[in-house]
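Okay, so the sequence shown: first residue is 171 according to the numbering used here, each after it adds one. Don't be surprised by glycine CBs; every beta carbon is placed ideally from N, CA and C.
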Amino acid sequence: MDKRGLGLSERGWLMPDEMLRDAPAYNPRPSELADLELLLSGAYAPLTGFLGRIDLLSLQRRGRLEDGTPWPLPVTLEIPEGLALGLELSDPAQRSVVLTDQEGAPIAALEVNDAWPTRDGRYGVGGTVRQLGDGRHGPFQRLRRTPAEVRDLLPPGRVLGVVADRPLHRPQLAQIAHAARTLAAHLLVLIPVGDAGPGGLSPEVLVRTVFAARDRMPPATLVAVPLVRRGDEIRDALLRARVASAYGVTHLLSTGEMLSGGGPRVLVPRELAYDNRDGQWRWRDDIPPRNRRLALTNDEIDDLLDRGFPLPEWHTPPAVAKELARARPARRHRGLVVFMTGLSGSGKSTVARGVADHLRETGDRTVTLLDGDVVRRELSAGLGFSKEDRDLNIRRIGWVAAEVARHRGMAICCPIAPYASARKTARQMATDAGAGFVLVHVSTPLEVCERRDRKGLYAKARAGLIKGMTGIDDPYEAPVDAELTIDTSQLSVDEAVDAVLHHLTETGWVEPK
Ligand code: PPS
């Protein structure tokens, strides 16, 4: 049980009341911490804590809390079973949990009034939260103002809210300027910093791009809000509208769904296009087709950045373009994990070595080769070949590879990696590090691998001398998400190496020669 008590008080920066002295401490998940911050700041008013079962059920049935307040989404907290079972809900002195940040610094006291088992042996808990310490954490402290602080800053009158969950290019800036002018409203830009945005941009980059567009906006107040998307577009939009309203927004500029119910009025702007006669952005239907250029799609923007082209000035203010180019450099300058998977003896290591040698010769890339055998000696010594051990092995490889790629190197890995879920984890770690991930399936058939049998393992497995040999009596889940598949029974070593290099060049990860 996580009973650390709060000896922390002795350090002097926390003043827990008596009740909390023996309260267990718990560090919630990042999305739960984001909700906690919104609860404490008043952005989720009238909510004062995590929802219990009665409210959750009512929410599910009729989109309202038990007392009738409309509310779009569950705001929930889960804790480990051991922690939940140690609470005594009938005793006010024994039902508090101190919620902490990752370093263990207290953020809030949760007074639990409902607890129930959920999947994975965890417990959902409902109850009110009360701030301890200054309650703030994460980057951009100075931008993370509370709704009350922001409302105090706003001039009287209408407030136009914009949730900037993507960088602001000229079409969006023109829509914002138009709406602010039409309404004669003050502009409040809410930047969601709870998680990576829909385009995969980190919150830090998003904030920088929005600031880079600031001189193209009417006078504005900017605030960072730890909103995390739940993945349901309409409900997420409704929640944003509620939070915007807590910050004093009277009119919300939306690009998404029409919303109804309490909160600000929502304006859905018309689509703008660039008029090449005078360089203005106006309603697309007011421009003759031959003079109009439509805004770039997000995919087009990503593609330009991936290939190292500057975003065109007619579309994106140069300062914004510069931030984006910095955050998403051309692929040939970005970190990359090349992950080769296949049976033992399929030729992964041979091909990987050939690719690594070529890149070292040309000097295009710094390469770290994480070869199966080397990894098992240096990184995963002691691990065997059970599913758990294999998964752990792949996790370690994925982690090291992602760190290499985070710093813009290239990591080439060649474990068997028989399980799709472990490969997916490796992909996710690379993506989270802002790097690319190319899965190469070395699909050489088992018969051929077995015929090669360099290490004599297949023969031993057939003779029953070793157990759990991949392909013989242990599974290999062939990938369905490979970027490239090569079969070394059909290709020479050189051809296989060329196939990989060709793919990397074609997709921009390696400079063409
Ligand atoms: S895994 O599944 O990705 O963790 O495996 P990996 O780290 O690539 O290790 C595979 C190498 O270990 C040798 N070996 C076995 N492979 C598969 N199954 C069993 N039971 C086994 N026991 C030992 C084998 O030589 C693999 O090397 P490669 O280079 O792939 O031939």
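### Task
With hydrogens ignored, establish whether the beta-carbon of F555 is closer than 7 Å to any heavy atom of the ligand PPS.
Start at 1 with the first residue of the sequence shown, and residue 555 comes out as number 385. Indeed, a heavy atom of the ligand PPS lies less than 7 Å from the Cβ.
### Task
Quick one: measure Cβ to Cβ for L494 and T379, integer angstroms, because I've assumed they're closer than 8 Å.
In the sequence shown, residue 494 corresponds to position 324, counting from 1. In the sequence shown, residue 379 corresponds to position 209, counting from 1. Rounded, the Cβ-Cβ distance is 6 Å, consistent with contact.
### Task
Out of V363, V295, P287 and Q342, state which residue places its alpha-carbon closest to the alpha-carbon of R315.
Taking the first residue of the sequence shown as 1, we reach residue 315 at position 145. Comparing Cα-Cα distances from R315 to each of V363, V295, P287 and Q342, the minimum goes to V363.
### Message
With a threshold of 7 Å on Cβ separation, who are the neighbours of P250 within its own chain once the five nearest residues in sequence on each side are excluded?
### Response
The residue you call residue 250 lines up with position 80 of the sequence shown. R292.
### Query
How long is the line joining the alpha carbons of P480 and S424, rounded to whole angstroms?
The sequence position of residue 480 within the sequence shown is 310, counting from 1. The sequence position of residue 424 within the sequence shown is 254, counting from 1. About 28 Å.
### Query
Taking DSSP as the reference, what is the three-state secondary structure of G468?
For the purposes of this step, residue 468 is taken as the residue at position 298 of the sequence shown. The residue asked about is misnamed: residue 468 is Asn in this sequence, not Gly. Note: N468 maps to helix in three-state DSSP.
### Task
Measure the alpha-carbon distance for Q230 versus V299 and round it to whole angstroms.
Numbered from 1 along the sequence shown, position 60 holds the residue referred to as residue 230. Numbered from 1 along the sequence shown, position 129 holds the residue referred to as residue 299. The straight-line gap from Cα to Cα measures roughly 23 Å.
### Message
Can you check which of these residues, V667, G478 and D290, is closest to R501 by C-alpha distance?
### Response
Your numbering for residue 501 matches position 331 in the sequence shown. It is G478.
#### Entry: Exposed unless 16 or more other CB atoms sit within 10 angstroms - verdict on H577
Within the sequence shown, residue 577 is the residue found at index 407, counting from 1. H577 comes out exposed.
#### Entry: Counterpart residues of D644 in DSSP-defined beta bridges
As a working note, residue 644 is residue 474 in the sequence shown. According to DSSP, D644 bridges with T640.
### Query
Residue range of the beta strand (DSSP E) that S211 falls in?
Within the sequence shown, residue 211 is the residue found at index 41, counting from 1. Run containing S211: none in the beta strand (DSSP E); it sits in the alpha helix (DSSP H), P200 to S211.
### Query
Rounded to whole angstroms, how far is the Cβ of G303 from the Cβ of G219, which I believe are closer than 8 Å?
Taking the sequence shown and counting its residues from 1, the one referred to as residue 303 is at position 133. Taking the sequence shown and counting its residues from 1, the one referred to as residue 219 is at position 49. Not confirmed; about 18 Å, so no contact.
#### Entry: Anticipated Cβ contact below 8 Å, P588 with P649, distance rounded
On the sequence shown, position 418 is the one that residue 588 refers to. On the sequence shown, position 479 is the one that residue 649 refers to. Their Cβ separation, rounded to whole angstroms, is 10 Å, which puts P588 and P649 out of contact at 8 Å.
### Query
Given 8 Å as the limit, is there contact between the segment 565-585 and the segment 521-539, that is, 3 or more CB pairs closer than that?
yes
### Message
Tell me which residues share the same chain as E653 and place their Cβ nearer than 6 Å to its Cβ, disregarding the 5 neighbours each side in the sequence.
### Response
Residue mapping note: residue 653 aligns to position 483 of the sequence shown, counting from 1. Hits under 6 Å: V608 and L609.
#### Entry: Among Y417, R400, E441 and G449, the one whose alpha carbon lies nearest that of P434
Position 264 of the sequence shown holds residue 434. When only C-alpha atoms are compared, the closest one is Y417.
### Message
Need the endpoints of the alpha helix (DSSP H) that W286 sits in, please.
### Response
For the purposes of this step, residue 286 is identified with residue 116 of the sequence shown, where counting begins at 1. Run containing W286: none in the alpha helix (DSSP H); it sits in the beta strand (DSSP E), P276 to P287.
### Message
Between which residues of its own chain and L257 is the CB-CB distance below 6 Å, once the five residues before and five after are set aside?
### Response
In the sequence shown, residue 257 corresponds to position 87, counting from 1. For L257, where only same-chain residues beyond five positions count, the Cβ hits under 6 Å are R265 and V282.
### I656: CB within 7 Å of a non-hydrogen atom of the ligand PPS
Locating residue 656 in the sequence shown gives position 486, counting from the first residue. For the ligand PPS, not one heavy atom lies less than 7 Å from the Cβ of I656.
### Inside the segment 606-642 only - alpha helix (DSSP H) runs reaching at least 4 residues
616-622 and 627-632
### Message
Can you tell me whether S659 is helix, strand or coil according to DSSP?
### Response
As a working note, residue 659 is residue 489 in the sequence shown. Coil at S659, not helix or strand.
### Message
With H, G and I counted as helix, E and B as strand and the rest as coil, what does DSSP make of V537?
### Response
The residue labelled residue 537 in the question sits at position 367 within the sequence shown. Here V537 sits in strand by DSSP.
### Message
Would A390 and L357 qualify as a contact pair, given that the criterion is a beta-carbon distance under 8 Å?
### Response
Counting from one through the sequence shown, the residue named residue 390 turns up at place 220. Counting from one through the sequence shown, the residue named residue 357 turns up at place 187. Result yes, Cβ atoms of A390 and L357 sit closer than 8 Å.
### Contact check, G702 vs D335, beta carbons under 8 Å
Any question about residue 702 goes unanswered here, given that the chain covers just 171 to 683.
### Query
Is P585 near the ligand PPS, going by C-beta to nearest heavy atom under 7 Å?
Position 415 of the sequence shown, counting from 1, holds the residue named residue 585. Yes, Cβ of P585 sits closer than 7 Å to a heavy atom of the ligand PPS.
### Query
Among I471, G517 and R386, which has the Cα closest to the Cα of V618?
Reading the sequence shown from its first residue, position 448 is the one you call residue 618. If we check each option's Cα against that of V618, G517 comes out closest.
### Query
Ends of the beta strand (DSSP E) at F310?
Your numbering for residue 310 matches position 140 in the sequence shown. F310 -> no beta strand (DSSP E), and no H or E assigned at all.
### Query
Which term fits L635, buried or exposed, when burial requires 16 or more other beta carbons within 10 angstroms of its beta carbon?
Start at 1 with the first residue of the sequence shown, and residue 635 comes out as number 465. Looking at its Cβ environment, which holds fewer than 16 other Cβ atoms inside 10 Å, L635 is exposed.
### Task
Pick helix, strand or coil for E427, following the three-state DSSP scheme.
Position 257 of the sequence shown, counted from the first residue, corresponds to residue 427. Confidence at E427 is low in this model, with a pLDDT of 46, below 50, so its placement is unreliable and no value can be given for it.
### Query
How many angstroms separate the CA atom of D657 from the CA atom of E665?
What you label residue 657 is simply residue 487 of the sequence shown in a count that begins at 1. What you label residue 665 is simply residue 495 of the sequence shown in a count that begins at 1. Their Cα atoms are separated by approximately 10 Å.
### Message
Can you tell me where the beta strand (DSSP E) holding D445 begins and where it ends?
### Response
Numbered from 1 along the sequence shown, position 275 holds the residue referred to as residue 445. Residues L442 to D445.
### Query
With a CB to CB cut of under 6 Å and the five nearest residues on each side skipped, what residues in its chain are close to A213?
For this step, residue 213 is matched to residue 43 along the sequence shown. Cβ neighbours of A213 beyond the five flanking positions: P317, V413 and A416.
### Query
What are the complete alpha helix (DSSP H) segments, minimum 4 residues, inside the segment 230-274?
251-255
### Cα-Cα separation between V472 and V245, rounded to whole angstroms
Working through the sequence shown from its first residue, we reach residue 472 at position 302. Working through the sequence shown from its first residue, we reach residue 245 at position 75. Reading the sequence as shown, one finds Asp at residue 472 and not Val. Computed Cα separation, rounded: 33 Å.
### Task
Whole angstroms is fine: what's the gap from I586's alpha carbon to G274's?
Here the question's residue 586 lines up with position 416 in the sequence shown. Here the question's residue 274 lines up with position 104 in the sequence shown. Near 38 Å, if we compare the C-alpha coordinates of G274 and I586.
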